[in-house]
Amino acid sequence: MVQNHEIEKRSRGRPQVRCDDDTKSVIIEAANRQFHDNGYAAASIAAIAQEAGVSTKTLYRLFPTKADLFAEMITERTGRFLTALDPGTLAAADLRQGLERMLMAYGMLTLSLDTITVTRLVISESDRFPEIANSFYEKAIVRTNRLMEDWLRKQIDRGLIALDDPHAACGMLRGMMIMEPQRAAMLRQEAPPKIDAIAARAKMCADLFLKGCAL
Numbered sequence: 002m003v004q005n006h007e008i009e010k011r012s013r014g015r016p017q018v019r020c021d022d023d024t025k026s027v028i029i030e031a032a033n034r035q036f037h038d039n040g041y042a043a044a045s046i047a048a049i050a051q052e053a054g055v056s057t058k059t060l061y062r063l064f065p066t067k068a069d070l071f072a073e074m075i076t077e078r079t080g081r082f083l084t085a086l087d088p089g090t091l092a093a094a095d096l097r098q099g100l101e102r103m104l105m106a107y108g109m110l111t112l113s114l115d116t117i118t119v120t121r122l123v124i125s126e127s128d129r130f131p132e133i134a135n136s137f138y139e140k141a142i143v144r145t146n147r148l149m150e151d152w153l154r155k156q157i158d159r160g161l162i163a164l165d166d167p168h169a170a171c172g173m174l175r176g177m178m179i180m181e182p183q184r185a186a187m188l189r190q191e192a193p194p195k196i197d198a199i200a201a202r203a204k205m206c207a208d209l210f211l212k213g214c215a216l
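To convert, note that position 109 of the sequence shown is 110 in my numbering; the numbers rise steadily by one, no gaps.
Structure, rendered in structure tokens:
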């Protein structure tokens, strides 16, 4: 009994300290909720820190400004898309499989309620806070476009497709995949599409695209 009591007493010591990466993840999730609920301008660092269970000093050490925190939130979300498209897996897939897989991942990222909400926020507040528009463009749009364009260029090098301007073609492909459903969701005319609808759209877009450029 004495031994058990001593073990119990020791277990009531100070909790294990989180590493910075884990703390960042908790803060980003709290910031995501605050930005979604209150918008960028109204979201306070103090409220984010409180929700994350950290001090404002810790938050500022990891994210010196609210703009830094927003940018990291976008980077983390886009990172999920990049992770889903492992280069080795894409390289092993045939042309149609690789294209459908890429479009599916892109649709899951851009047509999610989370991304729709963040996009509305950026559009509504970018006049006052151009830094959030810059972050969204560079860390979401440019990053995803670069990966997709690189994949198209690899297919050109393999002799599987022919494109005069891969950069422009990539923009057209991305627009075909998401523009209409994203616009309807942005304007609250329709709910964001579910996974089955995204998969069907990815297949249709792949068919149309390959009919235009496959050799």
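Beta carbons are placed, not taken as given, at the ideal position from N, Cα and C, and that holds for glycine. A quick note: this is a predicted structure, and the numbers were derived from the prediction, not measured.
* With 8 Å as the threshold, decide whether the Cβ of residue 196 is near any Cβ in chain B. => The structure shown has no chain B; it contains just one protein chain.
* To do: Can you say whether residue 209 is buried or exposed, counting buried as having 16 or more other CB atoms within 10 angstroms of its CB?
  => Here residue 209 is taken as the residue at index 208 of the sequence shown, counted from 1. The residue in question, residue 209, is exposed, as its Cβ has fewer than 16 Cβ neighbours within 10 Å.
* **Contact under 8 Å by Cβ, residue 144 with residue 110** => Reading the sequence shown from its first residue, position 143 is the one you call residue 144. Reading the sequence shown from its first residue, position 109 is the one you call residue 110. No, Cβ-Cβ distance for residue 144 and residue 110 is not below 8 Å.
* To do: Grab me the residues of residue 120's own chain with a C-beta within less than 7 Å of its C-beta, minus the 5 sequence neighbours each way, in chain order.
  => By 1-based counting over the sequence shown, the position of residue 120 is 119. 187.
* Asked: Which stretch, first to last residue, makes up the alpha helix (DSSP H) that contains residue 119?
  -> As a position in the sequence shown, residue 119 is number 118, starting the count at 1. Residues 114-126.
* To do: Would you identify the three-state DSSP class for residue 44, choosing helix, strand or coil?
  => Looking up residue 44 in the sequence shown gives position 43. Reduced to three states, the DSSP call for residue 44 is coil.
* To do: Check whether the segment 165-174 touches the segment 77-91, taking contact to mean three or more Cβ pairs, one atom from each stretch, closer than 8 Å.
  => no
* Inter-residue spacing [alpha-carbon to alpha-carbon] between residue 129 and residue 28 -> Taking the first residue of the sequence shown as 1, we reach residue 129 at position 128. Taking the first residue of the sequence shown as 1, we reach residue 28 at position 27. Cα to Cα, the separation comes out at about 24 Å.
* To do: Please classify residue 163: does DSSP put it in a helix, a strand, or coil?
  => The sequence position of residue 163 within the sequence shown is 162, counting from 1. Reduced to three states, the DSSP call for residue 163 is coil.
* **Proximity winner among 33, 35, 54, relative to residue 19 (alpha-carbon distances)** => As a working note, residue 19 is residue 18 in the sequence shown. Answer by Cα proximity: 54.
* Asked: If we ignore side chains and look at the alpha-carbon of each, how far apart do residue 174 and residue 90 end up?
  -> Locating residue 174 in the sequence shown gives position 173, counting from the first residue. Locating residue 90 in the sequence shown gives position 89, counting from the first residue. So the alpha carbons of these two residues sit roughly 21 Å apart.
* Asked: Sorted by chain position, which residues of the same chain lie with C-beta nearer than 7 Å to residue 197's C-beta, five sequence neighbours on each side aside?
  -> Reading the sequence shown from its first residue, position 196 is the one you call residue 197. Cβ within range, chain order: n/a, list empty.
* To do: Tell me whether residue 94 sits in a helix, a strand or coil according to DSSP, three-state version.
  => Mapped onto the sequence shown, residue 94 falls at position 93. Three-state result, residue 94: coil.
* State the Cα-Cα distance for the pair residue 105 and residue 190, rounded to the nearest angstrom. => Taking the first residue of the sequence shown as 1, we reach residue 105 at position 104. Taking the first residue of the sequence shown as 1, we reach residue 190 at position 189. Taking the straight line from one Cα to the other gives about 22 Å.
* Is it a yes or a no for the segment 40-51 touching the segment 62-71, going by three-plus beta-carbon pairs under 8 Å? -> Yes: the two stretches touch, three or more of their Cβ pairs being nearer than 8 Å.
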